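Below: one structure, written as structure tokens.
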Amino acid sequence: MKRHANVNSWTCVHELTLALSWTSVNEAPEGGYMPSRASSTDPRSIRIQAKLKEAMLDLLRERRIESVSVSEIATRASVSRQVFYLHFTDRDDVAASAIIDKLRAAVLANEGDDPIRRVHTLVDVSMRYEPLVRNLRPSAASERLADIFHELLLEICEPIARTRGEQDGSAPLADDELEALTVFLAGGLREIIKFTVNSSRPSSPPVSAERAHRMLDRCLEIPLA
């Protein structure tokens, strides 16, 4: 038991030493080091990550990401920079994670929701968070968010693709057919969301949420064969 305690103590010291050795405010050290507690299920780590994400969102509501430092995020969350680096690689990491968490929570909150309802929810929540996302562009955070957002689109479009492919009573779609239809639907949804959120800019004519939902419904009603 004593030996086990010593091993745990050494692990904590090693993690803290790595964090303290980072000299850049916003970048992780070279060598592909990953935060040791990024995927931790420990309740304390989960609480700390939640505080850091909320702090990042608060700062993004105030200004653009390039003017935000890791020190500011940590201070706003009442933790040290060293603790920050045990959970996230950099400022862009926590920013992308914070926004995608909000999107996923809204879209996947109710397991009983049908796939079409989830798609409509994604349109609404994307419009709601567009001001924050705008404060990310261009940055590594916006690129990471786009990649994760694409994965979310595929996740919620796959059930729709499966239903559309089988609605005429034919045999279930083959895996490659299901994949192709899912990608097709996700791409269309992404363009509708892009068209809608871009309309919130001063230089673009406004698009109401109601119009966006009508566009979505019409696209989903288009026969595929």
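Residue 8 is where the sequence shown starts when you use my numbering, and the numbers rise one by one after that.
All C-beta atoms, glycine included, are put in the ideal place defined by N, C-alpha and C.
Keep in mind it's a predicted model, so treat the numbers as computed, not measured.
(message) Please state whether the Cβ-Cβ distance between Lys58 and Val86 is less than 8 Å.
(response) Start at 1 with the first residue of the sequence shown, and residue 58 comes out as number 51. Start at 1 with the first residue of the sequence shown, and residue 86 comes out as number 79. In this structure, Val86 lies closer than 8 Å to Lys58 by Cβ.
(request) Locate the alpha helix (DSSP H) running through Phe191, then write down its first and last residues. (result) Locating residue 191 in the sequence shown gives position 184, where the first residue counts as 1. It spans Asp182 to Asn205 - the alpha helix (DSSP H) in which Phe191 sits, taken as one unbroken run.
(message) In this structure, how does DSSP classify Ala216 when only helix, strand and coil are distinguished?
(response) Translated into positions along the sequence shown, residue 216 becomes position 209. In the three-state scheme derived from DSSP, where H, G and I count as helix and E and B as strand, Ala216 is classed as helix.
(message) So, with DSSP's three-state summary, where would you put Ser248?
(response) No answer is possible for residue 248: it lies beyond the span of the chain, which begins at 8 and ends at 232.
(message) Using only the alpha-carbon positions, how far apart do Val71 and Tyr92 sit?
(response) Here residue 71 is taken as the residue at index 64 of the sequence shown, counted from 1. Here residue 92 is taken as the residue at index 85 of the sequence shown, counted from 1. In the sequence under discussion, the amino acid at residue 71 is Arg, which differs from the Val named in the question. Cα to Cα, Arg71 sits roughly 21 Å from Tyr92.
(request) Return the CA-CA distance between Ser43 and Asp154, expressed in angstroms with no decimal places. (result) As a first step, residue 43 must be located in the sequence shown, where it is residue number 36. As a first step, residue 154 must be located in the sequence shown, where it is residue number 147. Cα-Cα distance, rounded: 23 Å.
(request) Inspect the beta-carbon positions of Pro122 and Ile167 and report whether they are closer than 8 Å. (result) As a first step, residue 122 is located in the sequence shown; it is residue number 115 there, counting from the start. As a first step, residue 167 is located in the sequence shown; it is residue number 160 there, counting from the start. The answer is yes: Cβ separation under 8 Å.
(request) Report all residues from its chain with a CB closer than 7 Å to the CB of Ala219; omit the five preceding and five following residues, and keep chain order. (result) Mapped onto the sequence shown, residue 219 falls at position 212. Within the same chain, Ala219 has close Cβ partners Val130, Ile199 and Thr203.
(request) Within 10 angstroms of the Cβ of Gly38, are there 16 or more other Cβ atoms? Answer buried if so, exposed if not. (result) Residue 38 sits at position 31 when you count from the first residue of the sequence shown. With a pLDDT of only 40 at Gly38, under 50, the local geometry of the prediction cannot be trusted, and no value is derived from it.
(request) Rounded to whole angstroms, what's the CA-CA distance from Ser78 to Arg88? Just pull it up for me. (result) The residue given as residue 78 occupies position 71 in the sequence shown. The residue given as residue 88 occupies position 81 in the sequence shown. Going from the Cα of Ser78 to the Cα of Arg88 covers about 6 Å.
(request) Please look up how many angstroms separate the CB atoms of Leu143 and Leu152, rounded, as I've assumed it's under 8 Å. (result) Counted from its first residue, the sequence shown places residue 143 at position 136. Counted from its first residue, the sequence shown places residue 152 at position 145. Indeed they touch by this definition, with Cβ atoms about 7 Å apart.
(message) Cutting at 7 Å between CB atoms, please list the residues of its own chain near Ala102, excluding the five before and the five after it.
(response) Start at 1 with the first residue of the sequence shown, and residue 102 comes out as number 95. Only Met63, Leu67, Ile72, Leu143 and Ala148 meet the Cβ criterion.
(message) Once DSSP output is grouped into helix, strand and coil, what is the label at Pro42?
(response) Here residue 42 refers to the residue found at position 35 of the sequence shown. Coil.
(request) Put Leu66 into one of helix, strand or coil per three-state DSSP. (result) For the purposes of this step, residue 66 is identified with residue 59 of the sequence shown, where counting begins at 1. Reduced to three states, the DSSP call for Leu66 is helix.
(message) Looking only at its chain, what residues have a beta carbon closer than 8 Å to the beta carbon of Glu251, apart from the 5 residues adjacent to it on each side?
(response) There is no way to answer for residue 251, as the model of the chain reaches only from 8 to 232.
(request) Report buried or exposed for Thr96, applying the criterion of at least 16 other Cβ atoms within 10 angstroms of its Cβ. (result) Stepping through the sequence shown from its first residue, residue 96 is reached at position 89. Buried, by the Cβ-count rule.
(message) Rounded to the nearest angstrom, what separates Phe191 and His157 at their Cα positions?
(response) Indexing the sequence shown from 1 puts residue 191 at position 184. Indexing the sequence shown from 1 puts residue 157 at position 150. Each residue's alpha carbon lies about 12 Å from the other.
(request) Taking only the alpha-carbon atoms, compute the straight-line gap between Arg51 and Arg197 and give it to the nearest angstrom. (result) Here the question's residue 51 lines up with position 44 in the sequence shown. Here the question's residue 197 lines up with position 190 in the sequence shown. Their backbone Cα atoms lie some 36 Å apart in a straight line.
(message) Which of the three DSSP states is assigned to Leu143 in this structure?
(response) The sequence position of residue 143 within the sequence shown is 136, counting from 1. Of the three classes helix, strand and coil, the one that applies to Leu143 here is coil, per DSSP.
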